[in-house]
Amino acid sequence: MESSISSKPIDKTRVTDHDADTPVSIHDMTVAYHRKPVLWDIDYAAPEGRLIGIIGPNGAGKSTLIKACLDLVPKASGSVCFYGQPYKKQRHLVGYVPQRESIDWDFPASALDVVTMGRYGHLPWCVPPGRKHKEIAMRALSQVGMADYAKRQINKLSGGQQQRVFLARALAQDAQIYFMDEPFAGVDAATEAAIVALLNELKAKGKTVLVVHHDLQTVPAYFDDVVLLNMRVVACGPTSKIFTEENLQKTYGGRLTLLVEAAEAVARGGQR
Amino acid sequence: MANGSITDNTLEWPSWTEITDALTLSDYNTMIVVLGTTLLGIAAGVVGTFAYLRKRAMVGDALSHATLPGIAIMFMLVGDKHLPALLFGAAVTGILGVLSVIGLRSFSRIKEDAAIGIVLSVFFGAGMVLVSLVQQMNTGSPSGLDRFIYGKAAGMIKQDAMFIGITATIVLLGVILFFKELRIICFDQQFAAAQGWPVVLIDLVMMGLVVLTTVVGLQAVGLILVVALLIIPAAAARFWTDELRGMTIIAGMLGALSGYFGSTFSALLPRLPTGAVIVLCAGFFFFLSMFFAPRRGIFANLIRRYSLSRKIAHQNLLRSLAEIEERFGEGIRAPFDTLLAYRSWSVTELRRLLKLASRRHEVTVDTDYKSGLTRSGRTEAVRILRNHRLWEMYLIKHAAIAPSHVDRDADQIEHILSPEIVDELERALAHERQIPPSPHLQEPAV
Amino acid sequence: MNEWNWAGDGTVMLVGLLSACACALPGNYLVLRKMSLMGDAISHAVLPGLAVAFLVSHSREAVPMFIGAVAAGGLTALLTQAVHRFGKVEEGAAMGVIFSILFAAGLILIRQATDHVDLDPGCVLYGNIENIALVARIGETPAAVINLAIVFVLNVLFVALFYKELKICAFDPALATTLGINANVMHYALMIIVAVTTVASFEAVGSILVIAMLIVPPVTAHLLTDRLWVMIPLSLLIAAATAVLGRVLVVFGPVWAGVEVSANTAALMAVLAGLFLFVALFFAPEHGLISRSYHRLALSLQIIREDILGLLYRWQELDVRRTRPAHRDDVLTAVGNTLISRWALRSLLRRRQVQIEPPTKPGDEPQFRLSEKGLSAASRLVRAHRLWEAYLEKHFNLPLDHLHMPAERVEHYITPQMRDDLEADLVEPSRDPHGREIPEEDRP
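Protein chains in written order, with this note's numbering: chain A, 1424 to 1695; chain B, 2 to 447; chain C, 49 to 492.
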């Protein structure tokens, strides 16, 4: 379906190499849902060991960016590499915190069960998680201050606590690069503070963290780098340089209507 | 046609010895039947747990209906005798049905619910067409096909029971082996995919086990009701536990019990369709669980909610008395009207609360309804008040919530606060040195 | 029986037609509200209602059956809601739990009743339509015809009178509530209508056909149209067609096939409905798989055509003195020498947008050039491309070598209106970021 917007023979000379030192390099990535492009020609290289905020209005494709990086939605074109290799080969280096609403919290599982699932990527088929993995999961839980709730059923946790369980699960993945999809959405102040502390801890360990974020006020305080996204990368780089009034105006202001119009024209293209 | 009266009930009730014989499996044939259906119940309950949690339960309905054309075709080809061939045909068209549901859902604008309805009715219609043709041909007795529709456990022979036994073993082994994989795709498919688990393949394993169970269960419960064995024990088990392993085991047990009692009853009352009796047994366990399960049952929830609201009301009473003491001095007897104005409670409610509190020796009530705290009551009241204010202050300091909104929140949360959190709050507020006064103490006019 | 008999076969056809249409009417709303399975559930769950009605009234009169159906239909909807809400069981599963329990209870009750009433579990599923033929042949009007006619009229009235309410409840129940339409009442009314229809059709065609007719014709109609007022009559038409064709096939099928056996009419109708759906799935004008692949093909053809136009435009722009003419191979290689690109080139020649000119040097291959017509089409395209590049450069601060590909993908979709908007946004640009001229808008 998406083939028509990428049916061009790719001009090889333009494809830059994916750098083996860059944690995440995205090259010319386009993603479309039902032909309608939601992300256009994304080019981005994440610097190592930084906290990176992905900022943009609703419908800007922030979550899609993460999902496309993790091969969860198909790319119409382009490629993503993790330290110079495709995701398939580097899964063990990548941790993922999906949106909290993406799952049914009434599932029969305890907090510890959920966090232990973060270890499944390190286990072969049919092998249950052993004591070693449970201990790692338990440590991850205490790292987010949830050790007391290990045995509690997940739907008896508050929203913030559920979010912390998700973070602990990502920690248990023991990765180099973390993708977090709106971890601050709908959490209480205590959890927000705990998450920020955790992000800084990860950074101190040299991990690279990409966080989809929607609260503009806290951006300068939380993130070293930002990616301003609205279907395209409007601007990216160190927060101090990029997070300016002008760039925000560009990202959030109505000046990109032509981009939206073009996306809709592409979507209609197949039905004319 | 309606020539009889309802009172001449032709259903013969079994004698007591027949009942005990059946329940203790003393008759060989009954034993085979009961064993078969019990094993089937285990398999269906166990695999049904995952279908239920993956929200695929109704796909099972499409699957079971779609087995009919396969059975009819094999019946035309090989006749009634060759059971494995019939079941093989059933599995083939059943899988075709499931694939059709998936195909309709993903390649057209048809939604899943409609796709299930389409597949089950059209496939079943095709099956009926074939059956009606079979009936007019002279090969074998077509009534042989009826048992696949409504189930006829009574006709089960040793070979059938063995068949079911093998299936149950495969299902149990499959679920034990792939427990981790099934758990993660049922819980969070995206996370599983991001970790590199082949979601489609694991789904296929699960649906494969469902198909196996369904096909083998056709003879015992019939294709219309076999889906009930997949759904009902699983849904019932969910009421008893919050843990997947436990839920799987309980679902298997409930399935087994349904099969055991269902087939025993229908052995005693041979005129009743076995499938229906088994499903009714499962339904009985379902409602039993829904109402009376201690963890998530309706009654348990009601009791829990009632006792929580009573506890909150009691604590509110103590807190109000403590606040009054704080303002007017320890040991003050609070007049009823003062107390009544303190919170939005009714006269009868407050009287009842006072009575309950005095029965717990935390409050003494005078004849004119003046009340005061006892020593033990005071300790408790001060603890509650302290928790409450700590929390209030914490919220103000950290969450920037307007003070006028604080109190209500604090009311809700302080009753749920654990001692560890209180310690944590105290540490967080260590620089305050003392328990802070309520930020809106001057507000309520007494 | 291989001869058409109007008294017998006509009546059977009428019964099939009435029940199919009566089911398809409320079915439209079930499908649109994503509650198709509720139809499945109710058509199973009316069984105990019927059985109790038999056992209590000792008769098969319409009134007790009607009451039993209403009670059972309402009970199914209510219990499903209750189990879903209070038991926190997912809705689909709650439906499965309730309808299978009720159906099981119904089967047992029917067994009790069969000694008194000739109703066997078999005919619950696939009806007794051949019996109706026998009754009709001896000149009686079967009760089913009258019952079904009444129910059909009732359903038509229901849909006609509450057209607006049903529509809004199907579209957005929350909105309906704010507009003062009680979506809950409409929900239960629909469920009861389904139950009553089921019962009336039961005896004749069985519950399986009821499910088929509730769901399949509306879904088929929905594949063919996007309008509710077209969808409903269309679903009736499809339902009627299955009934007519079904009976005709039952009567004449054996003659044509040269066999002695004929199929059950009701079951055959379900299969025919499935066939119609299958056909619609492929051949529907807009949502059909074939039309969708055709559009996709047409689109890629157009894109390649436009690519050739753009290529020749640039070629001619760079090469004013025609020192290096464009040959066939050059053109095709540039657009990925595939079957479809050769096809696109042929179609451009046919449209006279590209013309073949004799070689500039003797012995050379003929060269391809844009015609007057082709030039104006190509200039619009190149204009779109370069405007887009300029737009991206202005707003996204992209390096020069990252502008071409995005513009290459979008140029085909940019409408004249958008070209004007882009121009306005860029304030009269004359050159793209690479310094190449942006052609003037070529207004016809």
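No residue lacks a Cβ here, since even glycine has one placed at the ideal position from N, Cα and C.
Checking contacts by CB at 8 Å: is residue 361 of chain C closer than that to chain A? Chain A, which has no Cβ nearer than 8 Å to the Cβ of residue 361 of chain C, makes this no.
task: Return yes when at least one heavy atom of the ligand HEM lies under 7 Å from the C-beta of residue 137 of chain C, else no.
output: Only the bare structure without any ligand can be found here, which leaves the ligand HEM out of the picture.
Item to complete: Buried or exposed for residue 1656 of chain A, please, with buried defined as at least 16 other CB atoms from any protein chain shown within 10 angstroms of its CB.
Response: By the beta-carbon neighbour count (other beta carbons within 10 angstroms, threshold 16), residue 1656 of chain A is buried.
Helix, strand or coil for residue 1636 of chain A? Go by DSSP, reduced to three states. Strand, per DSSP.
query: Taking just the CA atoms, how far does residue 261 of chain B sit from residue 16 of chain B?
result: Roughly 19 Å between the two C-alpha positions.
Check: Is the shortest distance between the beta-carbon of residue 136 of chain C and the beta-carbons of chain A less than 8 Å?
Finding: Yes, contact with chain A.
Q.
Can you confirm whether the region 157 to 170 of chain B touches the region 1524 to 1539 of chain A when touching is taken to mean that 3 or more C-beta pairs between the two stretches lie within less than 8 Å?
A. They do not touch, by the three-pair rule.
message: I'd like to confirm the pairing. Which residues does DSSP put opposite residue 364 of chain C in its beta bridges?
response: Beta bridge pairing from DSSP links residue 364 of chain C with no other residue.
Legend entry - Within 8 Å, strictly: CB atoms of residue 448 of chain B and residue 222 of chain B: The displayed coordinates of chain B run from 2 to 447. Any statement about residue 448 of chain B would go beyond what the structure contains.
| said: Taking CB distances under 8 Å as the criterion, tell me whether residue 54 of chain B reaches chain A. | reply: At least one chain A Cβ lies under 8 Å of residue 54 of chain B.
Item to check | Within 9 Å of chain C by C-beta, residues of the region 1649 to 1682 of chain A in sequence order | outcome: Within the region 1649 to 1682 of chain A, the residues whose Cβ lies closer than 9 Å to some Cβ of chain C are 1655, 1656, 1657, 1658, 1673, 1678, 1679, 1680, 1681, 1682, listed in chain order.
Fill in: Assigned exposure category for residue 310 of chain C - 16 Cβ within 10 Å defines buried
Label assigned to residue 310 of chain C: buried.
- With 8 Å as the C-beta to C-beta threshold (strictly closer), list the residues of the region 1545 to 1570 of chain A near chain E in chain order. Looking for chain E here will not work: the only protein chains present are A, B and C.
Bridge partner(s) assigned by DSSP for residue 1452 of chain A
According to DSSP, residue 1452 of chain A bridges with A:1465.
Between the CA atoms of residue 1584 of chain A and residue 310 of chain B - distance to the nearest angstrom:
Answer to the nearest angstrom: the Cα atoms are 24 Å apart.
* Quick one, are the C-beta atoms of residue 103 of chain C and residue 117 of chain C less than 8 Å apart? -> Taking a C-beta distance under 8 Å as the contact criterion, residue 103 of chain C and residue 117 of chain C do not qualify as a contact pair.
Please decide whether residue 453 of chain C counts as near chain A, where near means a Cβ-Cβ distance under 8 Å. Closer than 8 Å: yes.
| query | Within 10 angstroms of its Cβ, does residue 50 of chain B collect 16 or more other Cβ (buried), or is it exposed? | reply | Answer is buried; the Cβ neighbour count reaches 16.
message: So residue 1460 of chain A contacts chain B; which residues on that side make the cut at Cβ distance below 7 Å?
response: Within chain B, no residue comes near residue 1460 of chain A; the closest Cβ sits about 21 Å away, beyond 7 Å.
Hey, residue 69 of chain C and residue 288 of chain C are a contact pair by Cβ (cut 8 Å); roughly how many whole angstroms apart? Under the criterion of beta carbons closer than 8 Å, residue 69 of chain C and residue 288 of chain C qualify as touching, at roughly 6 Å.
### Query
Given that a residue counts as buried once 16 or more other Cβ atoms are within 10 Å of its Cβ, and exposed if not, what is residue 1490 of chain A?
With 16 or more Cβ atoms within 10 Å of its Cβ, residue 1490 of chain A is classed as buried.
Output the distance between the C-alpha atoms of residue 359 of chain B and residue 366 of chain B, rounded to the nearest integer angstrom. If I take the Cα positions, the gap works out to 7 Å.
Rounded C-alpha distance that separates residue 56 of chain B from residue 336 of chain C: Whole-angstrom Cα-Cα distance: 28 Å.
Self-check item: Cβ of residue 175 of chain B within 8 Å of any chain C Cβ
Solution: For residue 175 of chain B, no Cβ of chain C is located within less than 8 Å of the residue's own Cβ.
Taking the beta carbon of residue 1663 of chain A as the centre, do at least 16 other beta carbons fall within 10 Å, making it buried, or is it exposed?
By the 16-neighbour rule on beta-carbons within 10 angstroms, residue 1663 of chain A is exposed.
State buried or exposed for residue 414 of chain C, treating a residue as buried only when at least 16 other CB atoms are found within 10 Å of its CB. Exposure of residue 414 of chain C is indicated by the presence of fewer than 16 other C-beta atoms within 10 angstroms of its C-beta.
* Asked: Along the region 52 to 82 of chain B, what residues have a CB closer than 7 Å to any CB found in chain C?
  -> Identification of residues in the region 52 to 82 of chain B having a C-beta nearer than 7 Å to some C-beta of chain C yields 53, 56, 58, 59, 62, given in sequence order.
Using the rule of at least 16 other Cβ atoms within 10 Å of the residue's Cβ for burial, across every protein chain shown, is residue 190 of chain C buried or exposed? With a threshold of 16 other beta carbon atoms within 10 Å, residue 190 of chain C meets it and is buried.
*Is the CB of residue 130 of chain B under 8 Å away from at least one CB in chain C?*
The beta-carbon of residue 130 of chain B is placed less than 8 Å from the nearest beta-carbon of chain C.
Query raised in the report: Of all the CB atoms in chain A, is at least one closer than 8 Å to the CB of residue 466 of chain C?
Result: Yes, its Cβ sits closer than 8 Å to a Cβ of chain A.
Residues in the same chain with beta-carbon distance under 8 Å from residue 234 of chain C, minus the five sequence neighbours each way, listed in chain order, please. The residues 210, 213, 214, 217, 224, in chain order, have a CB closer than 8 Å to that of residue 234 of chain C in the same chain once the five nearest residues on each side in sequence are set aside.
Residue 64 of chain C beta carbon less than 8 Å from that of residue 243 of chain C:
Going by C-beta atoms, residue 243 of chain C is not nearer than 8 Å to residue 64 of chain C.
>> In this structure, how does DSSP classify residue 370 of chain B when only helix, strand and coil are distinguished?
In response: Three-state DSSP puts residue 370 of chain B in coil, outside helix and strand.
Name the residues in the region 239 to 273 of chain B whose C-beta lies less than 8 Å from a C-beta of chain C; which are they? Result list: 239, 240, 272, 273.
*asked:* Just to confirm before moving on: does the CB-CB distance between residue 126 of chain B and residue 322 of chain C stay below 8 Å?
replied: Yes, they are a contact pair.
**Asked** Can you find a C-beta in chain A that's less than 8 Å from the C-beta of residue 354 of chain B?
**Response** Using a CB distance cut-off of 8 Å, residue 354 of chain B does not count as an interface residue toward chain A.
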